[in-house]
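Peer 1: Below are the structure tokens for one structure; questions will follow.
Residue numbers (my numbering), protein chains in the order written: chain A, 1 to 430; chain B, 431 to 860.
Below is the structure:
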């Protein structure tokens with residue numbers, strides 16, 4: 001039997017919306033948003049889309065009208081009652097009422113602010129301006145939309161069975177990775193792939209496949225909507241935008257040097273347990289740890305998001321030892337450019353020394369490499385970053401200079417203030 | 431929206447029927463049935479299921495109750511009005527009213543006769559007895575049911591995503607074959623895979639994938655129901671059961687020697703054009719052609735279904751030349767144990783010398799080899815053959831002694847009568 005109503009309804013849609021919910025976003029965005037809403041609500045920021053893979057000509061591939069329709073659709077979204085109930089009533093990281101009533105009330109009334117879109121050559125300039133708590137929520141939907149529209153552009157010219165076989169191949173590829181991970185003892189891994197996923201439906205499939213294939217080894221997803229739908233743990237802590245904006249707001253070099261610690265001091269007041277995870281690489285991991293206050297060594301763990309992951313883990317282990325902490329009680333979360341071989345290798349290398357966990361991103365939710373003739377579905381490096389705060393440019397140094405950003409003079413100033421010397425470059429795949 | 435009615439209806443089913451239509455069968459069965467209905471309608475025959483792959487313990491894998499339910503379901507089927515209309519009104523091989531009114535009237539009132547099922551060790555003995563036109567129609571449903579139940583037995587213990595990935599792998603595997611065939615110039619290929627298909631739905635998928643992937647290179651399917659559903663050509667001519675039963679009915683050696691030609695003389699009266707295809711191997715191709723009457727050399731082509739296909743094609747080409755025929759006008763249909771490499775090879779070898787066509791069977795509709803851990807879904811060699819006619823055993827010699835059947839003394843007699851010497855054995859995969 002054909003469900004006539006469904007069919008008619010489907011054909012009534014003006015567009016096939018890519019982002020259909022304000023919680024189709026990373027959990028850490030909401031945690032950070034609450035923190036910003038509390039501590040720096042009036043900061044004026046600018047976020048900007050940056051395509052690091054300039055060989056992908058987004059403006060040639062994606063129709064501007066379609067892109068505007070998708071972005072406009074996101075602006076029409078507001079939190080549904082069920083989503084609000086889930087955020088207010090659910091337990092996150094073992095804690096009830098993670099989101100405070102004043103934040104929830106604000107969020108329930110939120111619509112995302114305007115965007116600015118312009119074609120520059122074969123790329124789009126896409127920027128968002130306004131108060132920090134509002135603008136920051138554009139990051140994930142903007143990335144998801146660009147990624148998925150780029151995929152659709154290719155899929156549009158494919159025939160029915162060709163498309164089905166493409167997904168069959170992608171499923172097979174992902175399942176073979178899951179089969180590798182099944183053999184990794186003591187694995188704890190979460191989905192961190194929302195921002196650069198192939199599509200929402202594909203991420204949803206990937207998460208469900210991880211659930212079935214890995215059982216308890218799969219500890220949750222960063223995507224709130226998918227976590228809600230499948231009753232999974234929502235996973236995530238905080239990201240570079242906090243130290244980047246705090247740093248940009250610093251009035252002098254002394255305040256700048258303290259900015260990354262101020263972020264974590266604010267965080268310390270709100271969160272405990274597994275949410276106390278240091279992200280040390282914004283202005284160089286070594287300097288950050290060396291100058292860190294002692295109370296930070298008491299935090300639960302560290303997230304390693306750039307540079308050589310094993311090297312960074314060794315630095316953290318040594319730092320904990322130097323500060324009189326027991327590394328075997330500490331959590332190390334690897335989240336940069338992971339695929340299964342690297343995951344298995346890092347797990348084997350560190351599982352007897354620290355508690356290990358993985359946030360698996362793009363190569364979980366968007367590994368379509370090698371599945372189309374000219375590899376036009378391979379993921380690429382797209383980010384959406386805070387580029388200015390209260391009129392001042394932001395800076396990121398990272399442990400990998402290929403991930404650095406900011407005006408050259410400010411980069412030099414930050415390097416001096418944070419004591420960052422020569423850094424090793426490594427390729428940014430995604 | 432959930433279609434509530436569909437869901438409730440689905441859950442009301444007592445079983446999930448494997449064969450749901452009397453035309454979910456090979457087209458040549460119906461052509462042969464009409465011929466038998468006209469020429470030998472009262473012949474009493476016994477058909478029997480033979481599992482040549484004794485390492486597959488069918489009675490251990492398949493529940494007898496489930497098997498009976500499926501067989502009983504087939505006995506409940508009758509030709510629907512639409513099916514009857516299609517058979518009466520459609521054009522087959524360019525001819526209208528291929529099926530005569532008296533045959534159609536008989537077929538419209540047909541229910542399949544009783545079966546006899548017994549467990550013998552780890553195998554089932556499944557036999558059908560009655561008049562030839564009725565009993566012969568059991569062959570394809572019986573094979574399809576056993577094949578699909580054996581697959582279901584394994585699928586039953588698999589989890590949801592595991593099953594989805596299994597089919598994803600099977601789709602990928604088949605599509606890669608189609609991609610190979612896309613590069614074979616002048617290819618003409620049909621689906622002959624009903625009898626040993628993985629399942630009805632899978633055969634339907636395979637046929638549609640061939641349509642999209644190969645376009646005009648894909649000339650049709652032997653499955654009437656699938657041909658009807660997708661408006662494709664129904665393909666097929668005749669099979670070994672005709673000479674086997676005619677031979678068993680022969681009163682003496684002289685009549686036996688003539689039996690295979692009598693089959694084709696009866697066929698000659700009814701059919702012309704591309705339906706005049708010789709199947710020469712029942713009692714040895716060389717002897718059959720050497721002693722064939724001249725009018726047979728005027729037939730359109732030959733189907734090569736056992737032995738070395740290139741060798742058999744060479745024999746046919748030489749035979750046509752000897753009889754003053756132009757081989758380049760003749761059709762050679764390869765249909766034995768084909769896979770894409772062999773297809774490409776035979777096409778290259780013969781396309782400039784004869785008209786080449788392929789009937790691709792088991793490795794089109796059931797290539798699940800290598801897709802499960804112990805390969806429990808690999809196809810195996812199951813046949814359902816006429817074993818007796820009017821109380822006399824049937825005999826098949828074939829060009830491959832591994833495909834021979836019949837009592838030893840009768841096999842010796844047939845070898846003598848048909849002048850068959852030493853034959854080369856080749857493995858029967860499917």
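By construction, the Cβ of each residue, glycine as well, lies at the ideal position given by its N, Cα and C atoms.
A quick note: this is a predicted structure, and the numbers were derived from the prediction, not measured.
With 9 Å as the threshold, decide whether the Cβ of residue 255 of chain A is near any Cβ in chain B.
Peer 2: Taking the first chain and counting its residues from 1, the one referred to as residue 255 of chain A is at position 255. No, because no Cβ of chain B sits closer than 9 Å to the Cβ of residue 255 of chain A.
Peer 1: Helix, strand or coil, according to DSSP, for residue 758 of chain B in the structure here?
Peer 2: Here the question's residue 758 of chain B lines up with position 328 in the second chain. Residue 758 of chain B: helix per DSSP, three-state reduction.
Peer 1: Tell me residue 560 of chain B's beta-bridge partners as DSSP assigns them.
Peer 2: To locate residue 560 of chain B, count along the second chain from 1; it is residue 130. Residue 560 of chain B pairs with B/475.
Peer 1: In chain A, which residues lie less than 8 Å from residue 436 of chain B when you measure between Cβ atoms?
Peer 2: Working through the second chain from its first residue, we reach residue 436 of chain B at position 6. Under the 8 Å cutoff, chain A gives 1 and 3.
Peer 1: Using the beta-carbon count (16 or more within 10 Å), is residue 127 of chain A buried or exposed?
Peer 2: The sequence position of residue 127 of chain A within the first chain is 127, counting from 1. It is buried - the Cβ of residue 127 of chain A has at least 16 other Cβ atoms within 10 Å.
Peer 1: Quick one: which chain B residues come within Cβ less than 7 Å of residue 172 of chain A?
Peer 2: For the purposes of this step, residue 172 of chain A is identified with residue 172 of the first chain, where counting begins at 1. Correct list: 595, 598, 599 and 602.
Peer 1: Which residues in the same chain have their Cβ closer than 7 Å to the Cβ of residue 735 of chain B, if we skip the five residues on either side of it in sequence?
Peer 2: In the second chain, counting from the first residue as 1, residue 735 of chain B sits at position 305. So the qualifying residues of the chain are 709, 711, 765 and 766.
Peer 1: Run the CB neighbour count on residue 796 of chain B, radius 10 Å, all protein chains shown included, and call it buried at 16 or more, exposed below.
Peer 2: If you number the second chain from 1, residue 796 of chain B lands on position 366. Residue 796 of chain B is buried by the Cβ-count criterion.
Peer 1: Can we count residue 434 of chain B as close to the ligand ZN, meaning its CB is less than 8 Å from some heavy atom?
Peer 2: In the structure on display, the ligand ZN does not appear, and there are no ligands present to speak of.
Peer 1: Is the Cβ of residue 612 of chain B closer than 9 Å to any Cβ of chain A?
Peer 2: For the purposes of this step, residue 612 of chain B is identified with residue 182 of the second chain, where counting begins at 1. Chain A, which has no Cβ nearer than 9 Å to the Cβ of residue 612 of chain B, makes this no.
Peer 1: Would the stretch 632-640 of chain B and the stretch 666-680 of chain B be scored as touching if the rule is three or more Cβ pairs under 8 Å?
Peer 2: Judged by Cβ distances under 8 Å, the stretch 632-640 of chain B makes no contact with the stretch 666-680 of chain B, as fewer than three pairs qualify.
Peer 1: Counting only Cβ-Cβ distances shorter than 7 Å, please list the residues of the stretch 643-661 of chain B near chain A, keeping chain order.
Peer 2: The stretch 643-661 of chain B vs chain A, Cβ under 7 Å: 643.
Peer 1: Looking only at its chain, what residues have a beta carbon closer than 7 Å to the beta carbon of residue 349 of chain A, apart from the 5 residues adjacent to it on each side?
Peer 2: The count along the first chain starts at 1 and reaches residue 349 of chain A at position 349. Excluding sequence neighbours, residue 349 of chain A sits near 310.
Peer 1: For residue 683 of chain B, collect the residues of the same chain with a Cβ closer than 6 Å to its Cβ; drop the 5 residues on either side in sequence, then sort them by chain order.
Peer 2: As a working note, residue 683 of chain B is residue 253 in the second chain. Around residue 683 of chain B: 847.
Peer 1: Look at the alpha carbon of residue 387 of chain A and the alpha carbon of residue 136 of chain A, and state the distance between them as a whole number of angstroms.
Peer 2: Numbered from 1 along the first chain, position 387 holds the residue referred to as residue 387 of chain A. Numbered from 1 along the first chain, position 136 holds the residue referred to as residue 136 of chain A. C-alpha separation (whole angstroms): 11 Å.
Peer 1: Quick one, which residues of the stretch 146-161 of chain A are near chain B if we go by CB-CB under 9 Å, in chain order?
Peer 2: For the stretch 146-161 of chain A, which is checked against every Cβ of chain B, the residues closer than 9 Å are 159, 160 and 161.
Peer 1: Got a sec: is the Cβ-Cβ distance from residue 203 of chain A to anything in chain B below 9 Å?
Peer 2: Position 203 of the first chain, counted from the start, is the residue given in the question as residue 203 of chain A. Judged by the 9 Å Cβ criterion, residue 203 of chain A is not in contact with chain B.
Peer 1: Name, please, each residue of chain B whose Cβ falls closer than 7 Å to the Cβ of residue 408 of chain A.
Peer 2: For the purposes of this step, residue 408 of chain A is taken as the residue at position 408 of the first chain. Residues of chain B passing the Cβ test: none, with the nearest at roughly 49 Å.
Peer 1: Report, in whole angstroms, the separation of the C-beta atoms of residue 803 of chain B and residue 626 of chain B, which I expect to be a contact under 8 Å.
Peer 2: Position 373 of the second chain, counted from the first residue, corresponds to residue 803 of chain B. Position 196 of the second chain, counted from the first residue, corresponds to residue 626 of chain B. Actually they are not in contact, since the Cβ atoms of residue 803 of chain B and residue 626 of chain B sit about 22 Å apart, beyond 8 Å.
Peer 1: Along the stretch 185-210 of chain A, where does the CB come closer than 8 Å to a CB of chain B? Name the residues.
Peer 2: Listed in sequence order: 208 and 209.
Peer 1: Short check: CB of residue 225 of chain A to CB of residue 125 of chain A, under 9 Å?
Peer 2: On the first chain, residue 225 of chain A is found 225 positions in, with the first residue counted as 1. On the first chain, residue 125 of chain A is found 125 positions in, with the first residue counted as 1. No, these two residues do not count as a Cβ contact at 9 Å.
Peer 1: What runs of the alpha helix (DSSP H), each 4 residues or longer, lie entirely inside the stretch 736-810 of chain B?
Peer 2: Fully enclosed alpha helix (DSSP H) runs of 4 or longer: 739-752, 770-780 and 792-795.
Peer 1: Can a CB atom of chain A be found closer than 9 Å to the CB of residue 605 of chain B?
Peer 2: Counting from one through the second chain, the residue named residue 605 of chain B turns up at place 175. Residue 605 of chain B counts as touching chain A.
Peer 1: Look at the alpha carbon of residue 80 of chain A and the alpha carbon of residue 19 of chain A, and state the distance between them as a whole number of angstroms.
Peer 2: To locate residue 80 of chain A, count along the first chain from 1; it is residue 80. To locate residue 19 of chain A, count along the first chain from 1; it is residue 19. Looking at the two C-alpha atoms, the distance is approximately 14 Å.
Peer 1: Spatial neighbours of residue 466 of chain B within its chain, please: CB distance less than 7 Å, with the 5 preceding and 5 following residues excluded, ordered by chain position.
Peer 2: Against the second chain, residue 466 of chain B aligns to sequence position 36. Only 562, 563 and 566 meet the Cβ criterion.
Peer 1: Taking DSSP as the reference, what is the three-state secondary structure of residue 837 of chain B?
Peer 2: Here residue 837 of chain B refers to the residue found at position 407 of the second chain. Residue 837 of chain B: coil per DSSP, three-state reduction.
Peer 1: What does residue 677 of chain B pair with, by DSSP beta-bridge criteria?
Peer 2: One-based indexing of the second chain puts residue 677 of chain B at position 247. BP columns for residue 677 of chain B are empty, so no partner.
Peer 1: Is there a Cβ of chain B sitting closer than 9 Å to that of residue 435 of chain A, yes or no?
Peer 2: Outside the displayed span of chain A (1 to 430) sits residue 435 of chain A, for which this structure offers no information.
Peer 1: Classify residue 9 of chain A: buried if its beta carbon has 16 or more other beta carbons within 10 angstroms, exposed otherwise.
Peer 2: As a working note, residue 9 of chain A is residue 9 in the first chain. By the 10 Å Cβ count, residue 9 of chain A comes out exposed.
Peer 1: Decide yes or no for the touch test of the stretch 604-611 of chain B against the stretch 569-576 of chain B: beta carbon pairs closer than 8 Å, at least 3 of them.
Peer 2: The stretch 604-611 of chain B vs the stretch 569-576 of chain B: no contact.
Peer 1: For residue 659 of chain B, which residues from the same chain have a beta carbon less than 8 Å from its beta carbon, with the 5 sequence-adjacent residues on both sides left out?
Peer 2: If you number the second chain from 1, residue 659 of chain B lands on position 229. Taken in chain order, the residues that qualify are 634.
Peer 1: Consult DSSP for residue 512 of chain B and reduce its assignment to one of helix, strand or coil.
Peer 2: Counted from its first residue, the second chain places residue 512 of chain B at position 82. The answer is helix: DSSP assigns residue 512 of chain B an H, G or I state.
Peer 1: Which value, in whole angstroms, describes the spacing of the CA atoms of residue 223 of chain A and residue 231 of chain A?
Peer 2: Here residue 223 of chain A refers to the residue found at position 223 of the first chain. Here residue 231 of chain A refers to the residue found at position 231 of the first chain. Going by the C-alpha atoms only, they are around 12 Å apart.
Peer 1: If you drop the 5 nearest sequence neighbours on each side, which residues of the same chain put their C-beta closer than 6 Å to that of residue 381 of chain A?
Peer 2: Locating residue 381 of chain A in the first chain gives position 381, where the first residue counts as 1. So the list reads 52, 53, 428 and 430, once near-sequence residues are dropped.
Peer 1: Starting from residue 56 of chain A, follow the beta strand (DSSP E) in both directions and report where the run begins and ends.
Peer 2: In the first chain, residue 56 of chain A corresponds to position 56, counting from 1. Run containing residue 56 of chain A: none; DSSP gives neither H nor E here.
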